[in-house]
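Novice: Pasting a structure below so you can have a look.
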Amino acid sequence: MKALAALLSLVGRHGTLLAALSIFIGLLLPGLPPLLKPSLGTVIVIMLTLAFLRVDPVALKGHFRRPGLIAAAAVWLMLVSPALLGLLFHVLAVEQTLPGLYFILVLQISAPALMSAPAIAALLGLDVALTLATLIVSVAVTPVTASLFTHFFLGQALASPLALGVRLFLIISGSALVATVIRRLVGSGRLERQRERIDGLSVVSFVIFAIAAMDGVTAHIYSVPKLVAGVTLLAFALSLAQTAIGTLLFLPAGRGLALAIGLAAGNRNLGLMLTATGFAIPDTAWLYFAAAQVPAYILPHLLRPLARRLTAPPGQRSGHGRH
316 MKALAALLSL VGRHGTLLAA LSIFIGLLLP GLPPLLKPSL GTVIVIMLTL AFLRVDPVAL
376 KGHFRRPGLI AAAAVWLMLV SPALLGLLFH VLAVEQTLPG LYFILVLQIS APALMSAPAI
436 AALLGLDVAL TLATLIVSVA VTPVTASLFT HFFLGQALAS PLALGVRLFL IISGSALVAT
496 VIRRLVGSGR LERQRERIDG LSVVSFVIFA IAAMDGVTAH IYSVPKLVAG VTLLAFALSL
556 AQTAIGTLLF LPAGRGLALA IGLAAGNRNL GLMLTATGFA IPDTAWLYFA AAQVPAYILP
616 HLLRPLARRL TAPPGQRSGH GRH
C-alpha cells in the first residue's frame, strides 16, 4: 500500500505531462481505446467526484471575496460566450452543411469549464481561488443553461433538452453528494494530507479518459487525414479564440486573473455533456470530441511562458528586470 501511495503521489505531481502523453498513447496503441471506451461515463463521474473531494466547503467560502468578478466570469462562460458562438454557427450555416459537427459544437459551448481548471491554474501560477469559485458556480448552473442552449440551437436534433438538464443535475449533484459523504467519513484534515494521492487518482482518470477518447482516431488519420486535420484545427481555433477573447475582456481585473478566466472559457468539459447524452452521437461528432482533447491537454503547457510573463512583477515582464 505504501508503494501504491508513493506512486499515486508521483503521478499527481506530474499530472499534466502524463495526461498530455496519454493522447499519444491512445493514437499509437489503437487497440487500447476500444477497451476503455465503455468506461468513459464512469470515469467522468469519478473525475467529478475527485474534483469535488478536493474542494473544502469551508475554505471555498473564503474564495468568494470578489463575488462581482466571479459572477461576471460565470455569466461570460455560461451565457454570453455560448450565445455568441451559437449565433455565429447559425449564421455560418454549420447546421445545414455539417449537422454532426454542429451538434457537438453546441454541446461544447454549453459545457462548463474542465474540472481540472484549478489544477491548470496552479500549474501556470494563476489565481486558483478565482478559478475554483468560478468553476463551482458554472457547474451549478450548467443543468439550466445547457438545457436552454441545446433547446434553442438544436431543437429536434436533441430528443429532450429538459431530460439533458435533469441528467446533468443528477450527475453533478450525485458526484458532489458522494464527495461530501466521503469528506464527512474521512475528515477534512486527513483528506488534505492525502492531496497528492487524490490528485494521482485524478490523473489516472484523466489518462483513461484521454486514451478512450482516441477510439477510432488512428484509423481516421489514415482514411480521412484532411478531416482529422480540419476538426483538430477547428478545436484549436475555438479554444484559442475563447481563451484570447476571455482574457482581453477581463484584463481590467488583472493580467493573471484575466488569463485564468480565459483558459476556463477556452477549455470546456465536453465529456460531461456526452455522458448526459449517453454518448449517442454521430461519427463526425465523436471525431471532433477526440480532437477537442488535444488543445485541452496541450495548450496549458504551450501557454506557460505567456502565463509567467503576465504574472511576473512589472519590472521583470520585459526580461530585463533585476535578478
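Counting in the numbering used here, the sequence shown runs from 316 upward without gaps.
Quick reminder that beta carbons are idealized off the backbone N, C-alpha and C, glycines included.
#1: G581: buried (16+ other C-beta within 10 angstroms of its C-beta) or exposed?
#2: With a cut-off of 8 Å on the beta carbons, I'd call P615 and I340 a contact; round off their distance for me.
#3: In the structure shown, what three-state DSSP assignment does A428 receive?
#4: Out of curiosity, what's the CA-to-CA distance linking E507 and R369?
#5: If you run the structure through DSSP and keep just helix, strand and coil, what is R380?
#6: Report the residue ranges of all alpha helix (DSSP H) runs contained in full by the region 534 to 586; include only those spanning at least 4 residues, in chain order.
#7: Would A606 and V546 qualify as a contact pair, given that the criterion is a beta-carbon distance under 8 Å?
#8: So for A595, helix, strand or coil by DSSP?
#9: Considering only the beta carbon of each residue, do A575 and T457 sit closer than 8 Å?
#10: Alpha carbon to alpha carbon, what distance is there between L429 and T590?
#11: Using a Cβ-Cβ distance cut-off of 8 Å, determine whether T495 contacts chain D.
#12: Is L483 helix, strand or coil when you go by DSSP?
#13: Measuring straight from C-alpha to C-alpha, what distance separates I359 and F565?
#14: Going by the beta-carbon positions, is the gap between S431 and F524 smaller than 8 Å?
Specialist: Taking the geometry as given:
#1: Position 266 of the sequence shown, counted from the start, is the residue given in the question as residue 581. Note on G581: 16 or more other CB atoms within 10 angstroms of its CB, so buried under the neighbour-count rule.
#2: On the sequence shown, position 300 is the one that residue 615 refers to. On the sequence shown, position 25 is the one that residue 340 refers to. Contact flag wrong, Cβ pair sits at about 18 Å.
#3: Residue mapping note: residue 428 aligns to position 113 of the sequence shown, counting from 1. Collapsing the DSSP output to three states places A428 in a strand.
#4: Position 192 of the sequence shown, counted from the first residue, corresponds to residue 507. Position 54 of the sequence shown, counted from the first residue, corresponds to residue 369. Our two residues, E507 and R369, have alpha carbons roughly 8 Å apart in a direct line.
#5: Taking the first residue of the sequence shown as position 1, residue 380 is located at position 65. Here R380 sits in coil by DSSP.
#6: If we require 4 residues or more, the alpha helix (DSSP H) runs fully inside the region 534 to 586 come out as 540 to 564 and 570 to 581.
#7: As a first step, residue 606 must be located in the sequence shown, where it is residue number 291. As a first step, residue 546 must be located in the sequence shown, where it is residue number 231. Note that the C-beta distance between A606 and V546 is below 8 Å.
#8: Within the sequence shown, residue 595 is the residue found at index 280, counting from 1. Here A595 carries a coil assignment [DSSP, helix/strand/coil].
#9: Within the sequence shown, numbered from 1, the residue matching residue 575 stands at position 260. Within the sequence shown, numbered from 1, the residue matching residue 457 stands at position 142. Cβ atoms of A575 and T457: not closer than 8 Å.
#10: For this step, residue 590 is matched to residue 275 along the sequence shown. For this step, residue 429 is matched to residue 114 along the sequence shown. Cα to Cα, the separation comes out at about 14 Å.
#11: The structure shown has no chain D; it contains just one protein chain.
#12: In the sequence shown, the residue the question calls residue 483 occupies position 168. Here L483 sits in helix by DSSP.
#13: The residue given as residue 359 occupies position 44 in the sequence shown. The residue given as residue 565 occupies position 250 in the sequence shown. Approximately 30 Å, taken between the alpha carbons.
#14: Locating residue 431 in the sequence shown gives position 116, counting from the first residue. Locating residue 524 in the sequence shown gives position 209, counting from the first residue. If you check the CB distance, S431 and F524 do not come in under 8 Å.
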